[in-house]
Amino acid sequence: MNFIFKKTLNPADLFLLAVNLIPIWGVWFQGWDAKMIFIVYCLESVIAGLYTVIKLWLTALYSDGISTKEQAPFNKKSIGSAIFITVFFCFHYGFFIFVQLSIFLGIIGNINGKSVSVTKLVFQFNEYLPMYAQLFLLSFFISYGISLLKDFIVNKAYKKAEIQFVMMSPYKRIFIQQFLVILGSFALLLNSNGKIFIFIFAIIKIIADVFIDYEKILKKGLSEN
């Protein structure tokens with residue numbers, strides 16, 4: 036079981052750890068609305084997807100790790116492959132996120148007394164989120180950006196990355212996040228204050244986001260197939 040957890044944490048991990056501690060401080064001591072925090076966690080999935088699109092594009096164009104044994108379009112470097120792969124991911128992952136947000140919005144009912152659709156929440160989130168929630172969302176955007184630059188672009192990992200690995204990389208984390216967010220939305224129905232659950236939620240999410248080594252798990256799974 037040791038392969039599940041990271042042996043060391045890099046600066047991006049430490050930054051993400053700090054980001055995930057913010058809601059505990061905000062809900063417990065600053066009077067933040069726990070529902071707003073869960074909405075931010077839902078939108079974090081969108082951020083993860085956007086950065087994965089960048090990774091897929093770079094990998095499809097520049098990676099030397101693309102295997103000719105794979106089926107098209109995973110077996111060659113080209114703009115056509117990059118377009119097909121990123122569009123496919125956007126539709127597949129986008130549907131996944133749409134279902135998650137639909138379930139969450141169906142459970143909580145409305146935001147600040149307003150009925151809201153998934154598309155409005157994603158593209159007009161500033162109309163529904165207070166400033167502290169928008170800044171919290173921005174912190175996730177920065178965190179994922181740091182990770183992309185440090186762990187994928189600066190060290191030129193995209194030149195040896197595998198398309199299927201990059202495409203699958205956000206799903207394991209998002210599966211856990213989806214479960215926690217949906218469970219949390221039910222908890223908010225029972226206790227709108229949400230202090231106890233936001234504490235438990237944040238701790239579990241820190242373990243899932245920061246300490247679990249998804250790269251090793253995914254590589255192990257792909258090597259066994």
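Residue numbers for the sequence shown follow our numbering, so the first one is 36 and each next one is one higher.
All residues carry an ideal CB built from backbone N, CA and C; glycine is no exception.
Values in this document were obtained by computation on a predicted structure and should not be read as measured data.
The three-state reading of DSSP puts lysine 191 in coil, since its state is none of H, G, I, E or B. Put simply, of Gly129, Val88, Phe126 the residue whose alpha carbon is nearest the alpha carbon of alanine 117 is Val88.
Taking each of Leu223, Asn190, Leu183, Leu96 in turn and checking the Cα distance to proline 205, the smallest one comes out for Leu183.
Per DSSP, the continuous alpha helix (DSSP H) segment holding threonine 154 begins and ends at 153–158. The residue among Leu52, Phe50, Leu56, Lys70 with its C-alpha nearest the C-alpha of tyrosine 163 is Lys70. Non-local beta-carbon contacts of isoleucine 217 in its own chain, meaning distances under 8 Å to residues more than five positions away in sequence, involve Gln135, Ile138, Phe139, Ile142 in chain order. Where phenylalanine 40 is concerned, there is no enclosing alpha helix (DSSP H), because DSSP gives it neither an H nor an E. Contact check between the region 122–135 and the region 228–247: fewer than three CB pairs, one atom from each, fall below 8 Å, which does not count as touching. A distance of 8 Å or more separates the beta carbons of lysine 194 and tyrosine 86. Under the DSSP assignment, tryptophan 92 falls in the alpha helix (DSSP H) whose first and last residues are 69–97.
For isoleucine 177, the enclosing alpha helix (DSSP H) has its first and last residue at 166–183.
Residue Phe234 holds the alpha-carbon nearest to the alpha-carbon of phenylalanine 73 among Ile247, Ala47, Phe234. Across the structure, glutamine 212 and aspartate 99 are spaced so that their CA atoms are roughly 32 Å apart.
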